[in-house]
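Taken in order, these protein sequences are the chains called A and B.
Going by our numbering, the first residue of the first sequence is number 210, and it counts up by one from there.
Going by our numbering, the first residue of the second sequence is number 3, and it counts up by one from there.
Glycine is no exception: its CB is placed at the ideal position from the N, C-alpha and C atoms.
Note that the structure is a prediction, hence the values are computed from the model and not measured.
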Amino acid sequence: MVTAIETDKLIKRYGPVTAVDGLTLRVDQGEIYAFLGLNGAGKTTTIRMLLGMVKPTAGQVRVLGASLPTGDRQLWNAVGYLVETPHAYPELTVRENLEVMRRLRPGVEPAAVSRVIDRLGLAAYADRRTGTLSLGNQQRLGLAKALLHTPPLLILDEPANGLDPAGIVEIRHLLLDLARQEGVTVFMSSHILGEVARLADRIGIIHQGQLLQELDVAELERNRRRRLIVRAHDGRAALAVLLNAGFAASLTADGAIILTDSAAIERPDEVATQLVLAGHPPTRLAVEQEDLEPYFLRLVGLDGAGPDA
Amino acid sequence: MHNLTPAIWVELLKVRRSRMPLYTLLGFALAPLAGGFFMIVLKDPELARRVGIISAKAQIVAGAADWPTYLGFLAQATAVGGFILFSLIVSWVFGREFADYTVKDLLALPTPRSSLVLAKFIVVAVWSAVLTAMIFVIGVGVGQVVGLPPAPAGVWGPGTVVLAITAGLTIALVTPVAFFASAGRGYLPPMGAAILVVVLTQIIAAAGWGDYFPWSIPALYAGIGGVQSLTLSPISYALVGATGLVGVIATLVWWELADQPR
Chain A
210 MVTAIETDKL
220 IKRYGPVTAV
230 DGLTLRVDQG
240 EIYAFLGLNG
250 AGKTTTIRML
260 LGMVKPTAGQ
270 VRVLGASLPT
280 GDRQLWNAVG
290 YLVETPHAYP
300 ELTVRENLEV
310 MRRLRPGVEP
320 AAVSRVIDRL
330 GLAAYADRRT
340 GTLSLGNQQR
350 LGLAKALLHT
360 PPLLILDEPA
370 NGLDPAGIVE
380 IRHLLLDLAR
390 QEGVTVFMSS
400 HILGEVARLA
410 DRIGIIHQGQ
420 LLQELDVAEL
430 ERNRRRRLIV
440 RAHDGRAALA
450 VLLNAGFAAS
460 LTADGAIILT
470 DSAAIERPDE
480 VATQLVLAGH
490 PPTRLAVEQE
500 DLEPYFLRLV
510 GLDGAGPDA
Chain B
3 MHNLTPAIWV
13 ELLKVRRSRM
23 PLYTLLGFAL
33 APLAGGFFMI
43 VLKDPELARR
53 VGIISAKAQI
63 VAGAADWPTY
73 LGFLAQATAV
83 GGFILFSLIV
93 SWVFGREFAD
103 YTVKDLLALP
113 TPRSSLVLAK
123 FIVVAVWSAV
133 LTAMIFVIGV
143 GVGQVVGLPP
153 APAGVWGPGT
163 VVLAITAGLT
173 IALVTPVAFF
183 ASAGRGYLPP
193 MGAAILVVVL
203 TQIIAAAGWG
213 DYFPWSIPAL
223 YAGIGGVQSL
233 TLSPISYALV
243 GATGLVGVIA
253 TLVWWELADQ
263 PR
């Protein structure tokens, strides 16, 4: 099977600034690969290198088996893309903007324009000038341009940007359908962690131009820290009981007791027994998984503890 | 050139949907109207005395209230005003892709970037030529309204040819402006470059080196310095051609090779 996207020790420098620093990644055909990073992490620069818009300072890029830069423009028939905030010709209507793209992609039949308008829910705005569209509909138009020619590879920079919650769900289902039903490969960048976890098969985490971690969703679930949250009527007294029992416990400002040692997380019933015997029965006892945000911040070293990987 | 025709269709659609053709026509229409005013001044010495300075100016530029003078004025206006106007067109056609951030949609397509650039140049040339033709038509109308004496035989042919060649030379000279619109990613750098060229043209022409400064040549050809058009050497025309070619090639190379980080 041909790898959809492959980069090898990819570096991009702008003067003294290194935007991408030795990035090596591989995206298999048919998978949804999320490229996760903070603003300025190097996501968009990487995407522009994948699309041949920016030349690497060093390293190699292969897209659908073709090394970039390539003189074979037909490669781009197989790629649909959305880079950063979508923009369109403001004096042209939605339909005309898509017609422009259709004409510049020879071989795409005229019916493709109406089809993609329907698929992206733009029918009500088809004859409206794009300068008057909301940000969400501009985003839909950007996605429509990417999907117009039904490419086997989609490279999407923040595809959920500007969409309302219903729109986010709709686009998520659309991308999942494309990947699962039609075998389309989706390479998408995002900084919305929850969205990524729901959509991606694999996740690459980029920070300051470097790939910190590459993992599948199951690994992500395993890597996220768990903790036991305990509440009691007298939080301080309950904390003292648990400390005396040898648990690593701490009290938060709002009176919750946090236990992070595996003995407590694996056996919350033991914790409850200790508290009941001491006369401070728990009013709440729950094992919680670390949110994606703290996990991500911990990984990139922005939780105050330094990088984790 | 792969997919050039659809690329031209796309550029024409953008032009048709914008107000720029109307604005450029209104701007350029000032030329025949101003020329008509000068003709009125020259026809009526009484009015000429009343307007004073403008009358003196009209004597320098025009000479007599007749068709050869009026057509010559239109050619000179095309060489000078046309350069600024055609530069504005080039700046819009190329610079808008950067100002509107639409260029990124044009970079990873089966249509080669060179086809897109050539399509833009072709549309600029056609647009500029059509404007010149409309100025000629408006000019003929204004000349009739002003009541210029009927032109003797042999006036219309040469007058039209001079206007057309002046427009052609001027159009060739705006291609470097496309490079500044692209490399400068917007409207201001190319218009700044065009204004700088106009200033340099004045200085170099005043210094007597206008024959060898490409942007002076259309005005000299149109007769802004009297009968100098007859003395322009083939080198002058070659310089115009070379400048046009350099502008096209520089723009093509930039679109093909420059990083597009925005």
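For residue j and residue i, the rounded distance between their alpha carbons
{"i": "LEU531 of chain A", "j": "ASP425 of chain A", "result": "Since the displayed chain A opens at 210 and closes at 518, residue 531 of chain A lies outside it and no answer follows."}
{"i": "LEU118 of chain B", "j": "ILE251 of chain B", "result": "13 Å"}
{"i": "LEU350 of chain A", "j": "LEU329 of chain A", "result": "8 Å"}
{"i": "ALA67 of chain B", "j": "GLY170 of chain B", "result": "26 Å"}
{"i": "ALA240 of chain B", "j": "GLY246 of chain B", "result": "10 Å"}
{"i": "ALA151 of chain B", "j": "LYS45 of chain B", "result": "Strictly speaking, residue 151 of chain B in this sequence is Pro, with Ala absent from that position. Taking the straight line from one Cα to the other gives about 10 Å."}
{"i": "SER93 of chain B", "j": "PHE181 of chain B", "result": "9 Å"}
{"i": "LEU277 of chain A", "j": "ALA297 of chain A", "result": "26 Å"}
{"i": "PHE39 of chain B", "j": "PRO23 of chain B", "result": "24 Å"}
{"i": "VAL132 of chain B", "j": "ILE206 of chain B", "result": "30 Å"}
{"i": "VAL211 of chain A", "j": "ARG304 of chain A", "result": "35 Å"}
{"i": "ILE10 of chain B", "j": "ALA260 of chain B", "result": "23 Å"}
{"i": "PRO192 of chain B", "j": "TRP217 of chain B", "result": "15 Å"}
{"i": "GLN204 of chain B", "j": "LEU198 of chain B", "result": "10 Å"}
{"i": "ALA79 of chain B", "j": "MET136 of chain B", "result": "14 Å"}
{"i": "LEU187 of chain A", "j": "LEU247 of chain A", "result": "Given that chain A is displayed from residue 210 to residue 518, the structure contains no residue 187 of chain A and the question cannot be resolved."}
{"i": "ASN346 of chain A", "j": "TYR504 of chain A", "result": "32 Å"}
{"i": "ALA195 of chain B", "j": "ALA243 of chain A", "result": "44 Å"}
{"i": "ILE474 of chain A", "j": "HIS400 of chain A", "result": "30 Å"}
{"i": "GLY157 of chain A", "j": "ASP237 of chain A", "result": "Lying outside 210 to 518, the shown extent of chain A, residue 157 of chain A is not represented and no answer is given."}
{"i": "THR266 of chain A", "j": "GLN498 of chain A", "result": "41 Å"}
Bounding residues of the beta strand (DSSP E) (the contiguous stretch that carries residue i)
{"i": "ALA9 of chain B", "result": "No beta strand (DSSP E) holds ALA9 of chain B; the alpha helix (DSSP H) holding it covers 6 to 19."}
{"i": "GLN422 of chain A", "result": "419 to 425"}
{"i": "VAL292 of chain A", "result": "VAL292 of chain A -> no beta strand (DSSP E), and no H or E assigned at all."}
{"i": "GLY224 of chain A", "result": "First-last for GLY224 of chain A: undefined, no H or E at that position."}
{"i": "PHE244 of chain A", "result": "241 to 245"}
{"i": "MET397 of chain A", "result": "394 to 399"}
{"i": "GLN269 of chain A", "result": "267 to 272"}
{"i": "THR492 of chain A", "result": "491 to 498"}
Element boundaries [alpha helix (DSSP H), containing residue i]
{"i": "GLN483 of chain A", "result": "477 to 486"}
{"i": "VAL179 of chain B", "result": "177 to 185"}
{"i": "ALA320 of chain A", "result": "320 to 328"}
{"i": "ALA70 of chain B", "result": "The question names Ala, but residue 70 of chain B is Pro in the sequence shown. Segment 69 to 101, the alpha helix (DSSP H) holding PRO70 of chain B."}
{"i": "ALA388 of chain A", "result": "374 to 391"}
{"i": "SER1 of chain B", "result": "Look at the range of chain B in this structure, 3 to 264, and you will see that residue 1 of chain B is not part of it."}
{"i": "ARG264 of chain B", "result": "Counting along the chain, ARG264 of chain B falls outside any alpha helix (DSSP H), and DSSP gives it neither H nor E."}
{"i": "MET22 of chain B", "result": "22 to 30"}
{"i": "ALA196 of chain B", "result": "190 to 208"}
Assumed close pair residue i, residue j - CB separation to whole angstroms, cut-off 8 Å
{"i": "GLY340 of chain A", "j": "PRO299 of chain A", "result": "3 Å"}
{"i": "VAL263 of chain A", "j": "PRO263 of chain B", "result": "6 Å"}
{"i": "LEU451 of chain A", "j": "ALA458 of chain A", "result": "4 Å"}
{"i": "TYR223 of chain B", "j": "ILE167 of chain B", "result": "7 Å"}
{"i": "VAL317 of chain A", "j": "LEU15 of chain B", "result": "No, VAL317 of chain A and LEU15 of chain B are not in contact; Cβ-Cβ is about 16 Å, not under 8 Å."}
{"i": "GLY210 of chain B", "j": "VAL144 of chain B", "result": "At roughly 34 Å, the Cβ-Cβ gap does not stay under 8 Å, so GLY210 of chain B and VAL144 of chain B are not in contact."}
{"i": "GLY274 of chain A", "j": "LYS218 of chain A", "result": "Contact flag wrong, Cβ pair sits at about 19 Å."}
Whether residue i touches residue j by CB criterion (7 Å)
{"i": "ARG338 of chain A", "j": "THR302 of chain A", "result": "yes"}
{"i": "THR172 of chain B", "j": "PRO220 of chain B", "result": "yes"}
{"i": "ASP373 of chain A", "j": "THR253 of chain A", "result": "no"}
{"i": "LEU165 of chain B", "j": "ALA77 of chain B", "result": "yes"}
{"i": "LEU402 of chain A", "j": "GLU240 of chain A", "result": "no"}
{"i": "VAL126 of chain B", "j": "VAL95 of chain B", "result": "yes"}
{"i": "ALA287 of chain A", "j": "PRO361 of chain A", "result": "yes"}
{"i": "GLY289 of chain A", "j": "ALA355 of chain A", "result": "yes"}
{"i": "VAL485 of chain A", "j": "LEU437 of chain A", "result": "no"}
{"i": "PRO160 of chain B", "j": "GLN283 of chain A", "result": "no"}
{"i": "VAL272 of chain A", "j": "ILE214 of chain A", "result": "yes"}
{"i": "GLY418 of chain A", "j": "GLY251 of chain A", "result": "yes"}
{"i": "ARG312 of chain A", "j": "PRO8 of chain B", "result": "yes"}
{"i": "ILE42 of chain B", "j": "VAL148 of chain B", "result": "yes"}
Best match in the options for proximity to residue i [C-alpha to C-alpha]
{"i": "THR162 of chain B", "options": "B:PHE75, B:GLU13 and B:TRP129", "result": "B:PHE75"}
{"i": "GLY323 of chain A", "options": "A:GLU391, A:GLN348, A:HIS358 and A:SER343", "result": "One point to set straight first is that residue 323 of chain A is Ser, not Gly, in the sequence displayed. Comparing Cα-Cα distances from SER323 of chain A to each of A:GLU391, A:GLN348, A:HIS358 and A:SER343, the minimum goes to A:HIS358."}
{"i": "ILE124 of chain B", "options": "B:PRO154, B:TYR103 and B:PHE88", "result": "B:PHE88"}
{"i": "GLY156 of chain B", "options": "B:TRP69, B:TRP129, B:PRO34 and B:VAL43", "result": "B:TRP69"}
{"i": "ALA110 of chain B", "options": "A:ARG411, A:GLN347 and A:ARG314", "result": "A:ARG314"}
{"i": "GLY464 of chain A", "options": "A:ALA472, A:ARG445, A:ILE474 and A:ALA449", "result": "A:ARG445"}
{"i": "ILE237 of chain B", "options": "B:ALA174, B:TYR214 and B:THR203", "result": "B:TYR214"}
{"i": "LEU508 of chain A", "options": "A:ALA427, A:GLN422 and A:GLY376", "result": "A:GLN422"}
{"i": "GLY83 of chain B", "options": "B:VAL43, B:ARG187, B:LEU28 and B:TYR189", "result": "B:LEU28"}
{"i": "GLN483 of chain A", "options": "A:ALA447, A:ILE412 and A:SER471", "result": "A:ALA447"}
{"i": "ILE412 of chain A", "options": "A:ARG235, A:PRO265, A:GLY274 and A:ILE220", "result": "A:ARG235"}
{"i": "LEU384 of chain A", "options": "A:GLY371, A:ALA375 and A:ALA409", "result": "A:ALA409"}
{"i": "ASP470 of chain A", "options": "A:PHE456, A:GLN348 and A:ILE377", "result": "A:PHE456"}
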